[in-house]
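> 28 is the number of the first residue of the sequence shown in this note's numbering; add one for each residue after it. We treat Cβ as the ideally placed atom computed from N, Cα and C, and that holds for glycine. Treat the numbers as computed from the prediction; the structure is a model and nothing was measured. If you scroll down you'll find the structure; I have some questions about it.
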Amino acid sequence: MKEIVLMLLLTASLAGSALSASLDLSAYGRLILTNFATAPFPHPSRASGHTYDGTNYDAATHYSDSTVALFIPQGFRATPAVDFVIHFHGWRNTVAGTLEQFQLAEQLAASGRNAILIVPEGPHDAPDSAGGKLEDSRGFQHFLAEAISVLQQLNVISNAARPGRIILSGHSGGYRVMAGILDRGGLTDHIREVWLFDALYANSDSFLNWAASGPHRLLDIYTDHGGTLENSQAMIATLRQRGQNSQTLLATNETSLNPVDLTTHAYVFLHSDQVHNDVVARHKTFQEFLATSCLSPIPPN
């Protein structure tokens with residue numbers, strides 16, 4: 028297994044060299060770029076590519092990249108149960124674009140949370156929400172097992188490490204793979220929070236069923252023109268009809284938010300006046316969600 032992991036890392040180093048050179052995160056922690064056998068793509072569902080609005084996005088260009096980025100924040104302490112934040116990018120984006128545009132690693136480091144960030148390559152620069160292998164039965168469980176194995180081989184975590192608390196985060200089209208994970212991906216009992224960054228386009232029942240199944244936190248930030256307004260408002264109405272009240276459900280404007288409310292409500296809906304691509308990083312919302320999450324802070328030295 029060690030030889031396989033090292034071979035994958037060597038293979039990935041060539042493909043990821045441009046990203047490594049252009050994105051220096053050494054001041055914030057350690058960035059690992061590798062290829063996963065369990066990454067979303069390639070996948071049979073996109074063996075012939077994908078056609079959208081009359082244009083075909085071929086498999087070789089858009090559905091053959093198995094890159095996965097793992098970021099370990101400075102000061103991270105390995106614990107027997109390892110916490111993860113897994114972020115899924117949206118349409119016409121990539122791992123490189125996501126890390127640069129949304130400053131996910133920098134926001135994790137600033138939050139002081141003791142967790143590892145994982146960003147898998149979805150449809151590469153394509154208008155598509157497909158999740159490939161991560162929509163398969165137990166696909167997410169296999170993916171995280173590979174992530175843990177890679178981190179063990181690199182001596183980031185112990186050989187006895189196991190999954191701890193998991194947060195799923197997604198921007199825009201990243202909603203679909205998260206819904207698939209909640210429905211059939213495995214490890215559902217470890218998934219404590221789900222964050223939708225202007226991403227509630229469909230699959231509302233998947234998110235509602237998961238949220239109702241335990242002590243979970245569902246965060247949804249939505250905009251007027253990102254295409255998620257109607258579904259977000261409908262979900263708020265559904266939750267109220269099901270008996271959620273002001274003690275558990277918060278629906279407010281982003282500008283009126285008291286961060287303390289993020290820690291006391293199971294359902295949080297934030298209406299934002301930002302544009303679609305600004306909801307993750309412009310106001311450091313990802314960092315604020317992290318700082319108020321179930322994740323433990325990095326222990327002092």
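#1: Look at the Cβ atom of A64, then the Cβ atom of E173, and state whether they are nearer than 8 Å.
#2: Could you give the DSSP three-state label for E127: helix, strand or coil?
#3: Can you tell me whether DSSP reads F103 as helix, strand or coil?
#4: Here's the rule I'm using: 16 or more other beta-carbon atoms within 10 Å means buried, otherwise exposed. How should N141 be labelled?
#5: Which one of F234, T250, D251 and Y249 has the shortest CA to CA distance from H243?
#6: Rounding to the nearest angstrom, what Cα-Cα distance links Y202 and W118 in this structure?
#7: Taking only beta-carbon atoms, is T78 less than 8 Å away from chain D?
#8: Which residues bound the alpha helix (DSSP H) around F296?
#9: What do you reckon, are the CB atoms on F167 and I194 nearer than 8 Å?
#10: Does the pairing of the segment 291-306 with the segment 97-116 give three or more beta-carbon distances under 8 Å?
#11: So what does DSSP say about N182, is it helix, strand or coil?
#12: Where DSSP assigns a beta bridge to D247, which residues make up the other side?
#13: Using only alpha-carbon positions, find the residue among A74, I218 and G197 that is nearest to Y228.
#14: Out of curiosity, what's the CA-to-CA distance linking L245 and T275?
#15: Helix, strand or coil for G213? Go by DSSP, reduced to three states.
#16: Classify V306: buried if its beta carbon has 16 or more other beta carbons within 10 angstroms, exposed otherwise.
#17: S40 by DSSP, collapsed to three states: which one?
So, to answer that:
#1: Your numbering for residue 64 matches position 37 in the sequence shown. Your numbering for residue 173 matches position 146 in the sequence shown. Cβ atoms of A64 and E173: closer than 8 Å.
#2: For the purposes of this step, residue 127 is identified with residue 100 of the sequence shown, where counting begins at 1. The answer is helix: DSSP assigns E127 an H, G or I state.
#3: Counted from its first residue, the sequence shown places residue 103 at position 76. Judged by DSSP in its simplified three-state form, F103 adopts coil rather than helix or strand.
#4: As a first step, residue 141 is located in the sequence shown; it is residue number 114 there, counting from the start. The residue in question, N141, is buried, as its Cβ has 16 or more Cβ neighbours within 10 Å.
#5: For this step, residue 243 is matched to residue 216 along the sequence shown. Considering only alpha carbons, the answer is F234.
#6: In the sequence shown, the residue the question calls residue 202 occupies position 175. In the sequence shown, the residue the question calls residue 118 occupies position 91. Computed Cα separation, rounded: 11 Å.
#7: Although the question refers to chain D, the structure presented lacks it and comprises just one protein chain.
#8: Residue numbering aside, residue 296 sits at position 269 when the sequence shown is read from its first letter. From DSSP, F296 is part of no alpha helix (DSSP H) but of the beta strand (DSSP E) over Y294 to S299.
#9: As a working mapping, residue 167 is identified with position 140 in the sequence shown. As a working mapping, residue 194 is identified with position 167 in the sequence shown. Their beta carbons are not under 8 Å apart, which means F167 does not touch I194 by this criterion.
#10: Judged by Cβ distances under 8 Å, the segment 291-306 makes no contact with the segment 97-116, as fewer than three pairs qualify.
#11: For this step, residue 182 is matched to residue 155 along the sequence shown. Reduced to three states, the DSSP call for N182 is coil.
#12: Taking the sequence shown and counting its residues from 1, the one referred to as residue 247 is at position 220. Beta bridge pairing from DSSP links D247 with L223 and F296.
#13: Here residue 228 refers to the residue found at position 201 when the sequence shown is read from its first residue. Taking the Cα of Y228 as reference, the smallest distance to any Cα among A74, I218 and G197 is reached at G197.
#14: Taking the sequence shown and counting its residues from 1, one reaches residue 245 at position 218. Taking the sequence shown and counting its residues from 1, one reaches residue 275 at position 248. Whole-angstrom Cα-Cα distance: 11 Å.
#15: Numbered from 1 along the sequence shown, position 186 holds the residue referred to as residue 213. Here G213 sits in coil by DSSP.
#16: Counted from its first residue, the sequence shown places residue 306 at position 279. So V306 ends up on the buried side.
#17: Position 13 of the sequence shown, counted from the start, is the residue given in the question as residue 40. Residue placement at S40 cannot be trusted, given a pLDDT of 38 that sits under 50; what the coordinates show is reported in the next sentence. It is helical.
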